[in-house]
Each structure stands twice: as C-alpha cells, then as structure tokens.
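Colleague: Would you mind keeping the following structure in view while I ask a few things?
2 protein chains.
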Amino acid sequence: MALAQSMLPPPFLAVAAIQPLPHQRQTLPIGAVRPGILPPRAAKRSAKARLPSAVTDESLSSIISDLELELDDGMAAAGELSGGSTLAERWREIHGRDEWVGLLDPMDPLLRSELIRYGEFAQACYDAFDYDPFSRFCGSCKYSRRKFFSSLGMDGAGYEVTRYLYATSNINLPNFFRTSRVGARTWSQEANWIGYVAVSDDETTARLGRRDLVIAWRGTVTRLEWIADLMDFLRPVTAVGIPSPDAAVKVESGFADLYTDKDPTCRFCKYSAREQVLTEVRKLVERYGAAGDEVSVSVTGHSLGSALAILSAYDIAEMGLNKASGGGGGAAAPVAVFSYSGPRVGNGRFKKRFDELGIKAIRVVNVHDTVPKVPGVLFNERVPELVRKAAEGLPWSYSHVGVELALDHKRSPFLKETGDPSCFHNLEAHLHLLDGYHGKGRRFVLASARDPALVNKSSDFLKDHHMVPPFWRQDENKGMTRAHDGRWVQRNRQEIDDHPEDTHHLLRRLGLAAENN
Amino acid sequence: MALAQSMLPPPFLAVAAIQPLPHQRQTLPIGAVRPGILPPRAAKRSAKARLPSAVTDESLSSIISDLELELDDGMAAAGELSGGSTLAERWREIHGRDEWVGLLDPMDPLLRSELIRYGEFAQACYDAFDYDPFSRFCGSCKYSRRKFFSSLGMDGAGYEVTRYLYATSNINLPNFFRTSRVGARTWSQEANWIGYVAVSDDETTARLGRRDLVIAWRGTVTRLEWIADLMDFLRPVTAVGIPSPDAAVKVESGFADLYTDKDPTCRFCKYSAREQVLTEVRKLVERYGAAGDEVSVSVTGHSLGSALAILSAYDIAEMGLNKASGGGGGAAAPVAVFSYSGPRVGNGRFKKRFDELGIKAIRVVNVHDTVPKVPGVLFNERVPELVRKAAEGLPWSYSHVGVELALDHKRSPFLKETGDPSCFHNLEAHLHLLDGYHGKGRRFVLASARDPALVNKSSDFLKDHHMVPPFWRQDENKGMTRAHDGRWVQRNRQEIDDHPEDTHHLLRRLGLAAENN
Chain A
74 MALAQSMLPP
84 PFLAVAAIQP
94 LPHQRQTLPI
104 GAVRPGILPP
114 RAAKRSAKAR
124 LPSAVTDESL
134 SSIISDLELE
144 LDDGMAAAGE
154 LSGGSTLAER
164 WREIHGRDEW
174 VGLLDPMDPL
184 LRSELIRYGE
194 FAQACYDAFD
204 YDPFSRFCGS
214 CKYSRRKFFS
224 SLGMDGAGYE
234 VTRYLYATSN
244 INLPNFFRTS
254 RVGARTWSQE
264 ANWIGYVAVS
274 DDETTARLGR
284 RDLVIAWRGT
294 VTRLEWIADL
304 MDFLRPVTAV
314 GIPSPDAAVK
324 VESGFADLYT
334 DKDPTCRFCK
344 YSAREQVLTE
354 VRKLVERYGA
364 AGDEVSVSVT
374 GHSLGSALAI
384 LSAYDIAEMG
394 LNKASGGGGG
404 AAAPVAVFSY
414 SGPRVGNGRF
424 KKRFDELGIK
434 AIRVVNVHDT
444 VPKVPGVLFN
454 ERVPELVRKA
464 AEGLPWSYSH
474 VGVELALDHK
484 RSPFLKETGD
494 PSCFHNLEAH
504 LHLLDGYHGK
514 GRRFVLASAR
524 DPALVNKSSD
534 FLKDHHMVPP
544 FWRQDENKGM
554 TRAHDGRWVQ
564 RNRQEIDDHP
574 EDTHHLLRRL
584 GLAAENN
Chain B
74 MALAQSMLPP
84 PFLAVAAIQP
94 LPHQRQTLPI
104 GAVRPGILPP
114 RAAKRSAKAR
124 LPSAVTDESL
134 SSIISDLELE
144 LDDGMAAAGE
154 LSGGSTLAER
164 WREIHGRDEW
174 VGLLDPMDPL
184 LRSELIRYGE
194 FAQACYDAFD
204 YDPFSRFCGS
214 CKYSRRKFFS
224 SLGMDGAGYE
234 VTRYLYATSN
244 INLPNFFRTS
254 RVGARTWSQE
264 ANWIGYVAVS
274 DDETTARLGR
284 RDLVIAWRGT
294 VTRLEWIADL
304 MDFLRPVTAV
314 GIPSPDAAVK
324 VESGFADLYT
334 DKDPTCRFCK
344 YSAREQVLTE
354 VRKLVERYGA
364 AGDEVSVSVT
374 GHSLGSALAI
384 LSAYDIAEMG
394 LNKASGGGGG
404 AAAPVAVFSY
414 SGPRVGNGRF
424 KKRFDELGIK
434 AIRVVNVHDT
444 VPKVPGVLFN
454 ERVPELVRKA
464 AEGLPWSYSH
474 VGVELALDHK
484 RSPFLKETGD
494 PSCFHNLEAH
504 LHLLDGYHGK
514 GRRFVLASAR
524 DPALVNKSSD
534 FLKDHHMVPP
544 FWRQDENKGM
554 TRAHDGRWVQ
564 RNRQEIDDHP
574 EDTHHLLRRL
584 GLAAENN
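Going down the list, the protein sequences come from chains A and B.
Sequential numbering of the first sequence, starting at 74, is according to the numbering used here.
Sequential numbering of the second sequence, starting at 74, is according to the numbering used here.
This is the structure in structure tokens:
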C-alpha cells in the first residue's frame with residue numbers, strides 16, 4: 074500500500090511549531106476523550122506561579138509545572154484542525170475510513186486524542202495485571218470485571234467490560250505469562266488473563282456517534298526477549314482454523330498458537346482466546362445491531378498485544394462477525410486496529426487479505442524501538458516490489474499492515490538519554506509522545522498536557538529533575554492487607570469470571586463447536 | 074560481667090517444648106503489650122479449618138494457618154512463668170533491675186512481650202523513614218509527629234511522640250543517610266531523621282506501672298557495609314563533649330560523631346542529636362517528676378541504632394538527666410537499653426562506667442549475624458581477663474555492655490535457608506525469633522502468634538510456600554497520588570517539626586549552651 078510506504082519514519086527535521094486550539098485547561102480523567110488542548114499563556118503562567126516555594130506549602134505541584142511550554146501567541150492562529158466538529162460527526166474518518174489521509178501531518182487533534190484514548194485501553198491491561206509471583210492470583214486481572222475501570226481510576230472511560238479474555242500459559246512465552254512461584258492454591262495453573270472486551274455506555278455512545286466495541290489485548294511491558302523466541306516461522310492461518318479464501322495467507326506461528334490454543338482441563342482456558350473473542354463480538358454486534366445502533370469494532374494492543382489485535386481483527390472480519398448475523402441486510406461495522414509498538418504479524422498475502430476485508434490499522438511506533446522492525450528484518454514491506462515477489466514464498470517474509478505513525482522519543486524534552494530498549498518500547502512513553510506530536514518536523518508541545526509523570530509508571534525514562542520516581546506504579550504493601558485480627562494477609566479476590574454460559578451455543582452457531590468437546 | 078559471659082550462643086540442643094499460659098487467641102495490634110499467648114488446641118484447629126478451600130472463598134487466610142503448631146496439651150501444665158502478675162507489678166524486674174537473672178531461661182513471657190514491644194518501637198523508625206531518592210522528602214520521616222503511631226497502624230501503642238530527632242548527613246555513612254537524587258526543593262540538604270522520643274499516655278502509664286520515656290534510634294535495614302566503614306578507632310568520650318570522670322572511657326569515633334555533630338546552617342541539625350535528646354529527656358523527666366509520676370527511660374535501637382541507644386543512655390545517666398533537676402531528692406529514673414543486633418560501642422572502661430552508672434542493657438542478637446561481633450573482633454569482652462588488660466590501651470579493644478540474649482534463626486521453621494547476611498541482621502526476623510523463643514534448647518513455638526508475615530516486610534527470609542511476598546512493605550505508587558486535576562503528584566508533607574523553642578534555654582541549663590552560637 075502506498076500509504077504505508079509514505080508513513081516511514083520522518084527525517085529529523087528542524088522545527089516549526091504549530092499548535093491547535095488553545096482553550097481552557099481542564100480536568101481530564103484518564104480515558105476521557107481529549108480534544109487537543111493547550112493551556113493558554115495565562116493559564117500556564119498561573120500554573121508556574123503555583124509552584125511551591127517551600128516544601129511545607131500545602132498546595133500540590135506536579136511535573137507539568139516544570140516545563141517551559143514556550144508557546145507563541147501566534148500559534149493559536151495556526152488553526153483548529155478539527156474544524157470545530159465533534160467526534161460524533163467525524164468518527165468514521167477518525168476510525169480510518171480514509172486511511173487517515175491528511176490527518177497525520179499536521180496531526181489532527183481529534184485523532185491524536187483518540188489514539189491516546191485507545192492506547193489507554195491497552196495500557197489498562199498492564200495496570201490491571203497481577204505480576205507478583207507470590208500472589209495466589211499471579212497471572213490474573215487484579216480487579217473484578219464489573220469494577221475494572223473504576224479500580225484503575227478510569228471512571229470517566231464510559232465503557233463497560235463485558236468479558237475477560239484468557240489464554241493458556243502452556244505456550245512457551247516466559248516473559249508474557251506469569252505464574253505463581255508456588256503452585257498450590259493459586260487461581261489457575263494454566264491460564265493467564267490477556268485482555269478484555271468492553272462496550273461504550275449510552276452516554277459515551279452518544280458522544281462517540283456510535284456504539285463502540287473495544288477489544289484490548291495485553292502485551293509485554295519490559296523484557297523484549299520474547300520477540301527473539303517468536304521469530305519462528307509463518308504458518309497458514311487455515312492450519313489453526315482461521316478461515317481464509319487464500320491458502321497462502323500466513324501469520325507468525327507463535328501468535329497463531331497464542332490466539333488459538335486451549336486447555337480442556339482448565340476452567341479459564343477451555344476456550345481459546347479466539348473462541349472467547351469471536352463469541353463475544355458476535356453477541357454484542359447482534360445485541361446492538363438489533364437495537365438499531367451503529368456499531369464500530371476497535372481493537373487495541375501494545376507489543377505482543379498488537380499482534381493479537383491485528384490477528385483477531387482479521388479473524389473477526391474474515392468470519393463476518395462485524396455484520397449482522399444471517400449475512401443479509403445492514404452495513405458491516407467498521408473494524409479498526411489501534412496498534413502501539415507492534416511487530417509484524419503475517420506475510421504479504423495476509424496484508425493483502427487484511428486490506429480486502431476493509432480492516433483499517435494505524436500503527437503508532439517509536440523509530441528507536443526495534444520491536445516493530447521484527448519479524449522480517451530482511452524481507453518485508455519495505456523491500457522493492459520485485460524482491461518481495463521473489464521472497465513471497467519464504468517463511469520469513471513478513472509485511473506490516475495499515476498505516477504507520479512514526480514518533481521519535483528524542484523529540485520530547487521530558488525524556489532522558491538512555492540506551493534501554495524497554496524505554497523505547499514503553500506504551501506510556503508512546504502516549505506521551507503522541508500528546509506532543511503535531512506533525513513531521515514540528516516542535517514537541519504537549520497538546521492536552523497529558524501528565525508526563527505517567528511515563529515513569531513502569532520505566533525510568535523521565536529526566537531525573539522532574540523528580541518522578543521510576544517504576545512508581547505499585548500496590549500498597551504488594552497487596553498485603555491487615556485483617557481484623559491484626560494479621561497481614563493476601564486478600565482473597567472476588568469470584569473470578571470465567572466464561573458466559575452461552576459460549577458453547579454461540580460457538581455452535583459460528584460453526585466452531587466441533588472443536589469443543 | 075559474669076552475666077554477659079553466660080549468655081553466649083547456646084549449643085544447638087535437642088528440643089523439649091515448654092509453653093506458658095495458653096489463653097484465648099486475641100486481636101493483637103502491633104505495638105500492644107503481648108502477654109505470652111499461645112492459642113489453645115481448639116482455636117488452632119478452627120484456624121486451620123478456616124483455610125480457604127478455593128481461592129474464591131471470601132474469607133481471609135494468613136500465613137499462620139500454614140503452621141502445624143504441634144502443641145501438647147501437657148505443655149500448659151509447664152506453667153505460667155509470669156505467675157499471673159502484671160507488668161505494673163513487675164516492671165522494674167522486666168526493665169533490668171536484677172539484670173534479667175532467671176528471666177531468660179526459660180524465657181519469661183512478660184519479658185518476651187516487652188522485648189518485642191520495644192523492638193517494635195525501633196522497627197517503627199524503619200517503617201516511617203522515607204528512603205526514596207526521588208522524593209523531595211527523602212531522609213525525613215514520612216509521617217507527621219502527632220500522627221506517627223496511627224500512621225503506622227500502631228494506634229494501640231499508647232505513646233505520644235514528643236520530639237523527632239535529626240542528625241547531620243555530612244558524616245560519611247552512605248548507607249545510613251539518604252538524600253534526594255536531586256537537590257532542589259528538598260526538605261533539607263543536610264539533615265536526616267534518625268529517631269524520636271515518645272512518652273506513655275495516662276492509660277498506658279497505668280498499665281506499665283510508670284511513666285515510660287522511649288527513645289528510639291533508627292539503624293540500617295540492609296547493606297551492612299557501614300560497619301566496615303566504621304571500624305575506625307576508639308576516642309575518649311570527653312573529646313566530643315560527653316562528660317566522664319574517667320578520661321579512659323572511649324567509644325567508637327564514628328558513633329560519637331553521629332551523635333554529636335551538627336550543622337549551624339541547617340534548620341533541622343543546628344542542634345546535635347545529643348543536644349536534642351538530652352534537652353528532651355530533661356524536660357520530660359522534670360515534667361513528669363513534678364507531677365509525681367514514677368519515670369523510666371527506655372532506649373531502643375537496632376544495628377547502628379543500638380549503638381546510638383547505648384551511647385545516649387550512657388550520656389543521659391552520666392549527665393544525671395534521669396534524676397530530678399537540682400540534683401537533690403527523689404530516686405533516679407531507671408535507664409535501660411533494649412538493643413537488637415547491635416555492634417560493640419566502646420572499650421572496657423566504657424563498659425565499666427556504664428555499669429557503675431546503673432544502666433541496664435539487654436542485647437538481643439542472632440548468633441548468625443556478624444554485626445554484634447564487630448568492632449573488636451580480636452580484642453573484646455570474650456578474651457581472657459589477662460589479655461584484655463594487656464590490650465586495654467589498644468584502639469581496637471572493644472567490649473559489649475549488658476546482657477546478651479542469643480537467638481538462632483535456624484530454629485524457626487518459618488525461615489528458609491539463606492546465606493544472605495542482611496536476613497540474619499533483619500530486625501523483624503529478631504522479633505519473630507523472640508516470639509518463638511522459650512529458652513536455650515527449647516523448641517521454637519510462637520508464643521503470641523505474632524504474625525510471621527512481618528518478617529518479609531523488608532527481607533526475603535520466609536519460606537516460599539508461605540506465599541508472603543518478599544520486601545512487601547511499600548507505599549502505594551511510591552507516594553504518587555492523583556490530584557484533583559487528575560495529575561500525579563508527590564503530596565507535599567505537612568509542616569515538618571524542627572525543634573522546640575525551649576531547646577536553647579534547656580541547653581543553657583545543662584551547661585551546654587556555649588557550644589551553640
């Protein structure tokens with residue numbers, strides 16, 4: 074695709090600042106839709122004046138106060154790229170209908186805030202995952218499904234999680250799966266939580282202009298060795314039960330395994346991730362289609378989660394689950410992938426079929442991150458057409474899908490010099506870079522003043538003088554709490570959701586039940 | 074002293090269990106006085122029955138449920154060593170009047186619970202200290218003085234902190250002092266919080282049988298390199314302004330510096346730790362003496378904090394501050410040191426003078442911990458009298474003070490095999506060992522069922538199968554909190570106490586004011 078080619082990493086140009094729409098700085102809960110906001114000069118000055126002169130000052134200060142935003146008053150004149158229109162009016166465009174042509178350079182503020190919003194759905198998978206090998210719930214989601222967003226302080230998200238997704242940890246992905254150090258009395262020996270399906274509530278649906286289904290896949294926060302383990306080989310999707318009219322459509326076999334493997338002995342992974350997500354999407358599309366809602370399917374993921382997002386988006390479209398059941402009638406729900414630091418997933422034929430199915434994908438990457446460069450370092454979408462044709466049959470000829478939005482962490486004045494590849498790959502860092510991105514060669518200026526402190530949630534990437542502790546995201550006392558009798562205990566978690574009772578019924582309707590029992 | 078000699082580490086004998094006083098298991102907040110409690114068989118069985126059969130059980134379980142206490146019903150008959158008498162009746166004995174003769178083997182339950190209680194006052198210094206180099210308050214106490222115990226969940230302590238103690242961090246003790254990674258806007262560049270003075274409230278005073286002043290000194294949690302740095306040389310106490318009728322009374326110079334150094338430019342350490350503690354003790358002894366209270370002075374500390382405890386107890390007694398002012402009249406308040414894993418502090422003459430002053434010290438050690446064996450590895454109180462006399466003039470001839478209570482971490486079935494010296498040295502581990510200690514060669518059985526989970530607060534010492542995370546004591550999000558505007562900030566601390574206004578006046582009365590300005 075010409076578009077993908079044109080989205081190669083930009084050269085490191087000199088800077089000309091251009092800024093959209095300054096209106097009043099406002100409280101922005103994580104997960105809320107952010108129009109491109111830049112505090113006007115007056116607001117900035119007052120923020121600076123609020124800096125505590127003495128540590129005994131009772132006011133609060135934050136890292137943002139440290140920044141000299143250096144705004145030019147003239148920048149406001151550079152214009153309102155959104156043209157004042159709302160997400161409800163523009164959502165199809167923002168969702169990739171036109172493959173984001175004209176929205177990336179200069180950066181469209183509404184698209185920017187939506188990229189951050191979908192990235193935060195992926196980030197939620199990290200923030201909610203129980204990594205602690207001493208927890209009996211290691212490998213599960215720390216929060217109950219019904220309180221998912223509120224537990225994460227994302228009350229403003231406006232979505233409801235309808236299903237948790239699990240995968241079997243029998244697959245060899247040591248840095249992705251986590252299991253308790255001690256096997257006894259753990260929630261599960263075989264399963265790991267790998268994401269969720271959520272749907273917008275009525276209020277948010279009105280704001281978004283359609284009922285939005287979000288599928289968010291967990292990836293890997295640090296430790297990039299998994300990618301080396303994965304550089305395995307391409308395998309036809311049909312070999313793992315994913316339909317395709319073209320037998321030459323292939324994907325990396327590790328991703329396919331992760332997506333399709335199951336363990337009949339395990340309550341949580343007796344259905345594959347694939348079966349879980351397909352049945353849930355079928356159910357929700359039918360439910361909201363029957364209610365007359367316009368529906369969109371938005372699949373998001375970071376790193377390995379991006380691979381699952383691309384694969385599952387393909388599967389959903391190939392299975393026709395974005396259409397009302399029965400095949401007839403109404404328009405298909407548009408399917409878009411919001412990918413962050415994702416590796417390549419399949420071959421050129423996979424990409425071709427992905428495009429034919431009308432799936433849109435936007436891939437946010439940091440040019441210094443190696444993960445998006447693999448697999449397929451030698452043979453990929455960047456080599457000349459002729460070489461690619463010749464290499465098509467090779468098991469290591471990969472192709473990216475969709476449109477790339479290349480960011481450069483060296484543009485952010487908040488980030489320090491480091492050689493740590495896990496910093497380059499960090500999702501929160503990408504969201505920070507998005508907030509400062511205004512187009513190729515344009516100066517880095519925070520558009521919504523999204524809190525840069527979030528970058529250090531699980532990295533050591535902010536400059537020291539901002540005084541934000543590295544890796545600050547942690548539970549009080551590692552989840553140990555004081556019981557009524559004074560003892561320190563790990564609180565037992567509430568009932569952990571496994572699978573809705575209609576899963577098998579829905580699988581039968583999808584023609585997939587034969588695989589189950 | 075004959076007593077100190079007789080308290081050498083016991084041989085690893087076979088076990089005969091003897092147990093005091095089983096009454097009902099009860100809620101025991103940390104810091105509460107614990108009579109020697111052992112749950113009766115029925116209580117134990119029901120605790121075991123409460124073990125969650127499934128992780129979805131909503132009940133709480135704790136590590137204690139894991140233990141087979143293996144009680145013999147006959148053990149109860151072994152008797153109630155406390156003889157049913159109360160702390161109010163026995164406090165002088167427990168406080169060391171008779172140098173703990175007859176209380177250590179078998180272990181007196183009341184003494185055991187008091188050793189744990191004073192150890193917890195020392196532990197509070199660790200739990201309250203801000204170690205985070207990214208905090209603007211690094212090196213200070215995390216909690217305000219008036220809410221000290223409640224912030225630590227020690228509401229039941231029954232003491233009120235009357236003063237925080239600071240030292241100048243200009244001294245070369247890199248693992249003791251902590252300073253912010255970034256100098257600007259920190260609470261202090263020169264000071265570190267090193268402990269506190271507290272006094273028992275009326276209710277607790279009634280229970281204890283006297284008004285108890287506690288002086289607790291912070292030590293070093295991990296990193297034992299400081300002890301190597303300190304193996305410096307002995308120095309006459311008079312050289313640093315501590316009085317002594319015997320010019321040959323010497324202490325390790327590093328401890329003396331830490332205790333007496335100050336920095337006139339610093340709000341928090343313009344008075345030395347010595348000046349702070351002496352003026353506070355004088356004030357409190359006068360206040361409560363005038364009110365007709367019997368008063369005791371209890372000095373506690375772990376590791377380096379033990380050295381400060383011994384040195385300050387000596388100083389208080391030598392200065393006569395435990396007596397009502399004017400020198401005349403009433404009896405002196407008894408001064409006792411509760412020392413945990415402490416090194417040697419001074420020479421033989423220091424010990425001699427310490428004894429002459431009537432100060433009592435009990436030193437709880439783990440026989441596998443090296444810290445109590447230094448300084449003075451070659452010449453110390455254990456070498457024959459003749460050698461000691463000959464070595465007396467050497468600058469590396471040290472002597473322990475007081476009575477040693479030697480514990481052995483290998484006796485606890487909760488602790489794993491490890492070669493990590495910081496585990497052997499850990500204060501919480503000592504408190505756990507105390508709770509299981511019943512006398513030389515007697516079986517390890519938890520007397521009060523003090524929660525073994527506390528051991529892993531800042532160590533990795535519990536057996537893995539107890540499923541208590543190592544180093545679990547940590548603040549939620551490293552103290553980052555969400556402000557009203559959604560930003561993540563380090564909360565500014567309330568006003569940090571420096572020094573009472575009467576400090577200079579009291580110093581003048583003590584004849585020490587000439588040193589100040």
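Each residue gets a CB set at the ideal place from its N, CA and C atoms; glycine is no exception.
1) Please classify D330(B) as buried or exposed, where buried requires at least 16 other C-beta atoms within 10 Å of its C-beta.
2) Where do the ends of the beta strand (DSSP E) carrying R555(B) lie?
3) Measuring alpha carbon to alpha carbon, tell me which of K356(B), A320(B), L507(B) ends up nearest Y191(B).
4) For R209(B), collect the residues of the same chain with a Cβ closer than 7 Å to its Cβ; drop the 5 residues on either side in sequence, then sort them by chain order.
5) At the 8 Å Cβ level, is D548(B) part of the contact set with chain A, yes or no?
6) Give the DSSP-derived three-state secondary structure of V528(B) in the structure shown.
7) Report yes or no: do three or more beta-carbon pairs, one from the segment 572 to 584 of chain B and one from the segment 527 to 538 of chain B, lie closer than 8 Å?
8) Count the other C-beta atoms from every protein chain shown that fall within 10 angstroms of the C-beta of R581(B), then say buried if there are 16 or more, exposed otherwise.
9) Taking C-alpha atoms, which residue in Y361(B), L527(B), A522(B) lies nearest to R185(B)?
10) Can you pull the chain B residues whose beta carbon is under 7 Å from the beta carbon of G226(A), in chain order?
11) Does the distance between the C-beta of L184(A) and the nearest non-hydrogen atom of the ligand NAD fall short of 7 Å?
12) What is the C-beta distance between G169(A) and K433(A), in whole angstroms, given that I count them as a contact (C-beta under 8 Å)?
13) Output, in chain order, the set of chain A residues within a Cβ distance shorter than 9 Å of P542(B).
14) Note down the Cα distance separating L478(B) from V437(B), rounded to an integer number of angstroms.
15) Less than 8 Å between C-beta atoms, sequence neighbours within five positions excluded: which residues of the same chain meet that for A75(A)?
16) Could you name the residues of chain B that A279(A) contacts, counting a contact when the two beta carbons are closer than 9 Å?
17) In chain B, which residues lie less than 7 Å from A502(A) when you measure between Cβ atoms?
18) Quick one: does R560(B) have its CB under 8 Å from some CB of chain A?
19) Measure the alpha-carbon distance for K489(B) versus D537(B) and round it to whole angstroms.
20) Assuming Y216(A) and S224(A) are in contact, meaning their beta carbons sit under 8 Å apart, how far apart are those beta carbons, in whole angstroms?
21) Can you tell me whether E187(A) is helix, strand or coil according to DSSP?
22) When you check each C-beta in the segment 495 to 526 of chain B against every C-beta of chain A, which residues fall closer than 8 Å?
23) Name the residues in the segment 173 to 204 of chain A whose C-beta lies less than 9 Å from a C-beta of chain B; which are they?
24) Going by beta-carbon coordinates alone, are D200(B) and R546(B) separated by less than 8 Å?
25) Mind listing, in chain order, the continuous alpha helix (DSSP H) runs of no fewer than 4 residues lying wholly within the segment 470 to 538 of chain B?
26) Please decide whether W266(A) counts as near chain B, where near means a Cβ-Cβ distance under 8 Å.
27) Taking only beta-carbon atoms, is W545(A) less than 8 Å away from chain B?
28) Under the three-state reduction of DSSP, which class applies to H375(B): helix, strand or coil?
29) Nearest-angstrom Cα distance between R360(A) and V270(A)?
30) Whole angstroms are fine: how far does the CA of P182(A) sit from the CA of G175(A)?
31) Alpha carbon to alpha carbon, how far is T491(B) from S414(A)? Give it in angstroms, no decimals.
32) With a Cβ-Cβ cutoff of 8 Å, do G419(B) and G292(B) count as a contact?
33) Nearest chain A C-beta to V128(B) closer than 8 Å, yes or no?
34) I'd like the span of the beta strand (DSSP E) that includes R581(B), first residue to last.
35) Take every Cβ of the segment 350 to 358 of chain A, pair it with every Cβ of the segment 385 to 399 of chain A, and state whether three or more of those distances are shorter than 8 Å.
Modeller: Let's see:
1) Within the second sequence, numbered from 1, the residue matching residue 330(B) stands at position 257. Looking at its Cβ environment, which holds 16 or more other Cβ atoms inside 10 Å, D330(B) is buried.
2) Within the second sequence, the letter at position 482 stands for residue 555(B). That run of the beta strand (DSSP E) goes 553 to 555.
3) Indexing the second sequence from 1 puts residue 191(B) at position 118. Answer by Cα proximity: L507(B).
4) Taking the first residue of the second sequence as position 1, residue 209(B) is located at position 136. Around R209(B): S253, R258, T259, W260, Q563.
5) Here residue 548(B) corresponds to residue number 475 of the second sequence, with the count starting at 1. Flagged as an interface residue toward chain A: D548(B), by a C-beta distance shorter than 8 Å.
6) Sequence index remark: in the second sequence, residue 528(B) carries index 455 (1-based). Three-state result, V528(B): helix.
7) Fewer than three beta-carbon pairs drawn from the segment 572 to 584 of chain B and the segment 527 to 538 of chain B are found closer than 8 Å, and the two stretches are therefore not classed as touching.
8) Within the second sequence, numbered from 1, the residue matching residue 581(B) stands at position 508. Counting the other CB atoms within 10 Å of its CB gives R581(B) a total below 16, which places it among the exposed residues.
9) Your numbering for residue 185(B) matches position 112 in the second sequence. Here the closest residue by C-alpha is A522(B).
10) Looking up residue 226(A) in the first sequence gives position 153. Neighbours of G226(A) across chain B, judged by C-beta separation under 7 Å: R555.
11) This structure lacks the ligand NAD; in fact it carries no ligand of any kind.
12) Start at 1 with the first residue of the first sequence, and residue 169(A) comes out as number 96. Start at 1 with the first residue of the first sequence, and residue 433(A) comes out as number 360. 3 Å between Cβ atoms; contact.
13) By 1-based counting over the second sequence, the position of residue 542(B) is 469. By Cβ distance, chain A contributes D205, P206, F207, S208, N550, K551, G552, M553, Q563.
14) If you number the second sequence from 1, residue 478(B) lands on position 405. If you number the second sequence from 1, residue 437(B) lands on position 364. Between L478(B) and V437(B), the C-alpha separation is close to 5 Å.
15) Counting from 1 along the first sequence, the entry for residue 75(A) is found at position 2. Any reading at A75(A) must be qualified, since the residue scores a pLDDT of 35, below 50, and its modelled position is unreliable; no value is offered.
16) Here residue 279(A) corresponds to residue number 206 of the first sequence, with the count starting at 1. In chain order: nothing, as chain B lies at least about 23 Å away.
17) Within the first sequence, the letter at position 429 stands for residue 502(A). What A502(A) touches in chain B: nothing, since even the nearest Cβ is about 15 Å away.
18) Along the second sequence, read from residue 1 onward, the residue named residue 560(B) stands at position 487. Yes, because at least one Cβ of chain A sits closer than 8 Å to the Cβ of R560(B).
19) The sequence position of residue 489(B) within the second sequence is 416, counting from 1. The sequence position of residue 537(B) within the second sequence is 464, counting from 1. In this structure, the straight-line span from the alpha carbon of K489(B) to that of D537(B) is close to 8 Å.
20) On the first sequence, residue 216(A) is found 143 positions in, with the first residue counted as 1. On the first sequence, residue 224(A) is found 151 positions in, with the first residue counted as 1. About 4 Å; that satisfies the 8 Å criterion.
21) Here the question's residue 187(A) lines up with position 114 in the first sequence. Helix.
22) So the list reads D524, A526, given in the order they occur along the chain.
23) Correct list: empty, as no residue qualifies.
24) Indexing the second sequence from 1 puts residue 200(B) at position 127. Indexing the second sequence from 1 puts residue 546(B) at position 473. Between D200(B) and R546(B), the C-beta gap is smaller than 8 Å, which places the two residues in contact.
25) You should have 494 to 498, 500 to 509.
26) Residue 266(A) sits at position 193 when you count from the first residue of the first sequence. Residue contact with chain B for W266(A): absent (no Cβ-Cβ distance below 8 Å to any residue of chain B).
27) Locating residue 545(A) in the first sequence gives position 472, where the first residue counts as 1. In terms of beta-carbon proximity, W545(A) lines the interface with chain B, with at least one pair separated by less than 8 Å.
28) As a working note, residue 375(B) is residue 302 in the second sequence. Strand, per DSSP.
29) Reading the first sequence from its first residue, position 287 is the one you call residue 360(A). Reading the first sequence from its first residue, position 197 is the one you call residue 270(A). Between the C-alpha atoms of R360(A) and V270(A) there is a straight-line separation of about 14 Å.
30) As a working mapping, residue 175(A) is identified with position 102 in the first sequence. As a working mapping, residue 182(A) is identified with position 109 in the first sequence. Our two residues, G175(A) and P182(A), have alpha carbons roughly 12 Å apart in a direct line.
31) Stepping through the first sequence from its first residue, residue 414(A) is reached at position 341. Stepping through the second sequence from its first residue, residue 491(B) is reached at position 418. Approximately 41 Å, taken between the alpha carbons.
32) Position 346 of the second sequence, counted from the start, is the residue given in the question as residue 419(B). Position 219 of the second sequence, counted from the start, is the residue given in the question as residue 292(B). Their beta carbons are not under 8 Å apart, which means G419(B) does not touch G292(B) by this criterion.
33) The residue labelled residue 128(B) in the question sits at position 55 within the second sequence. Note that V128(B) scores 33 on pLDDT, short of 50, meaning its location in the model is unreliable; the coordinates nonetheless yield the value given after this. So yes, V128(B) belongs to the interface.
34) Within the second sequence, residue 581(B) is the residue found at index 508, counting from 1. Looking at the DSSP string, R581(B) is not in any beta strand (DSSP E); the run it does join, the alpha helix (DSSP H), is 576 to 582.
35) Judged by pairs of C-beta atoms under 8 Å, the segment 350 to 358 of chain A touches the segment 385 to 399 of chain A, as three or more such pairs exist.
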